[in-house]
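Taking it in order: structure first as structure tokens, then the write-up.
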Amino acid sequence: MLLRKILAVLAASTATAAAVLAGPSPAAAQAATPASAAARAAAAANPVIVVAGLSTPALGYEPLAARLRADGFRVSIFQLPGLGFGDIADSARAFSAYVDQVRATTGAARVDLVAHSEGGLVSRYLIRNLGGGTKVGRYVSLGTPHYGTYVADIAKFLGLGSCLGIVACQQMTIGSSFLTALNDGDDTPGDVRWTAVRTLQDELVRPVDNATLADGATNVLIQSWCPLRLVGHLGLVLDGTTYTVVRGALTDSPVRPDCYAL
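Rendered as structure tokens:
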């Protein structure tokens, strides 16, 4: 009986040693692997800063930030100083300090930007004029009036003055001195991957093609892929199809919007 027990212990020990040397089984290894390649890419990606637009507080961008966090990204939101009514260049200088703070906190060399509306101009000013080209890895704009919008001229058309005195609105008029300087030369400076997303139903950026960038940027019109998708200016922040474009841009994936995403 004792001999039988000793032999059993020796057999178990041999089996355990063999298992250790062989490593985990394929099933165990698969269970230990993150859910998807996309999740692994997100976890290793640059920190993402969602840059707010004119008049919208940070809370309005929490749904977008929540989607990104659920996909494994490290996310923060930058609310424009004074809700973006002041000089865009001043907002960009404040944003520059915030970018440096995020880089210092996370230890990341670069951040990725997802910028809505005016936030895209603030971000471009940072990259072009404040040394952001070495601090930003990916840039995604959502409904940004890169070449201005005639909606900003409505107050003047109605005889109410130039944008009711709102500086940022004046800077977003078509042909403004601010946009002329920002768009002089290369639209996409620096070592940055540029993506600009727009929608046909954008009620604030008119004409909608003024939300595009030249010089090698990836420009995505939602309805070119999903003709029946209705997305307004603010809807670009909440729309599921638009989010699949954002997520793809942040992971350097091919543009393949999901027309049925919620």
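The number in our numbering is simply the position in the sequence shown, starting from 1, with 13 added. Beta carbons: idealized from backbone N, C-alpha and C, even for Gly.
Outcome for residue i when other beta-carbon atoms lying within 10 angstroms are tallied against a minimum of 16
i	result
Leu-275	exposed
Tyr-256	buried
Gly-248	buried
Tyr-273	exposed
Arg-269	exposed
Thr-157	buried
Thr-212	buried
Gly-120	exposed
Ala-45	Bear in mind that a pLDDT of 36 at Ala-45, under 50, signals an unreliable position, so the number given afterwards is only what the model happens to contain. It is exposed - the Cβ of Ala-45 has fewer than 16 other Cβ atoms within 10 Å.
Gln-184	buried
Ala-41	Because the pLDDT of Ala-41 is 35, which lies under 50, any placement of that residue in the model is unreliable, and the number read from its coordinates should be weighed accordingly. So Ala-41 ends up on the exposed side.
Gly-174	exposed
Ala-181	buried
Asp-252	buried
Gly-198	exposed
Gly-178	exposed
Gly-97	buried
Gly-144	exposed
Cys-176	buried
Beta-carbon proximity of residue i to residue j, cut-off 8 Å
i	j	result
Val-127	Ala-105	no
Asp-200	Thr-186	no
Val-64	Leu-77	no
Ala-224	Asp-125	no
His-246	Val-210	no
Val-10	Leu-81	Because the chain in this structure spans residues 14 to 275, residue 10 falls outside the shown range and cannot be described.
Trp-232	Leu-226	A small correction: the amino acid at residue 232 is Asn; Trp does not occupy that position in the sequence shown. Yes, they are a contact pair.
His-129	Gly-66	yes
Thr-264	Ile-235	no
Ile-90	Ala-71	yes
Ala-262	Arg-151	yes
Val-244	Thr-208	no
CA nearest to the CA of residue i, picked from the options
i	options	result
Ala-83	Val-221, Arg-260, Leu-234	Arg-260
Gly-133	Leu-93, Pro-220, Ala-110, Asp-215	Leu-93
Asn-142	Ser-109, Gly-120, Tyr-152	Ser-109
Tyr-250	Pro-70, Ser-68, Tyr-74	Here the sequence assigns Val to residue 250, which means Tyr is not the residue at that position. Nearest of Pro-70, Ser-68, Tyr-74 to Val-250, Cα basis: Tyr-74.
Pro-202	Tyr-138, Gly-85, Pro-267, Ala-79	Tyr-138
Arg-116	Ser-68, Thr-147, Ser-237, Gly-97	Thr-147
Asp-228	Arg-206, Asp-215, Ser-237, Gln-214	Arg-206
Thr-118	Gly-95, Arg-87, Gly-198, Ala-107	Arg-87
Cys-239	Gln-214, Ser-175, Asp-271	Asp-271
Asp-204	Thr-162, Val-244, Val-221, Ile-140	Ile-140
Asp-215	Ala-79, Ala-122, Leu-155	Leu-155
Asn-196	Glu-131, Ser-237, Gly-161	Gly-161
Val-149	Ala-79, Ala-122, Ser-237	Ala-122
Val-222	Ala-79, Gly-85, Ser-68, Tyr-163	Just to set this straight, residue 222 is Asp in the shown sequence, not Val. For the residues Ala-79, Gly-85, Ser-68, Tyr-163, the minimum Cα distance to Asp-222 belongs to Tyr-163.
Ser-68	Gly-85, Ser-237, Gly-95	Gly-95
Segments of 4+ residues assigned as alpha helix (DSSP H) that fall wholly inside the region 140 to 177: The region 140 to 177 contains these whole alpha helix (DSSP H) runs: 167 to 170.
Is the region 177 to 197 touching the region 94 to 110 in the sense that three or more CB pairs, one from each, lie closer than 8 Å? Three or more beta-carbon pairs drawn from the region 94 to 110 and the region 177 to 197 are found closer than 8 Å, and the two stretches are therefore classed as touching.
Continuous alpha helix (DSSP H) assignments of at least 4 residues falling wholly in the region 226 to 267: Here the runs fully enclosed are 235 to 238, 248 to 251, 253 to 263.
Secondary structure, alpha helix (DSSP H): runs of 4+ residues fully inside the region 61 to 107: Counting only runs of at least 4 residues, the region 61 to 107 fully encloses the following alpha helix (DSSP H) elements, listed from N- to C-terminal order: 75 to 83.
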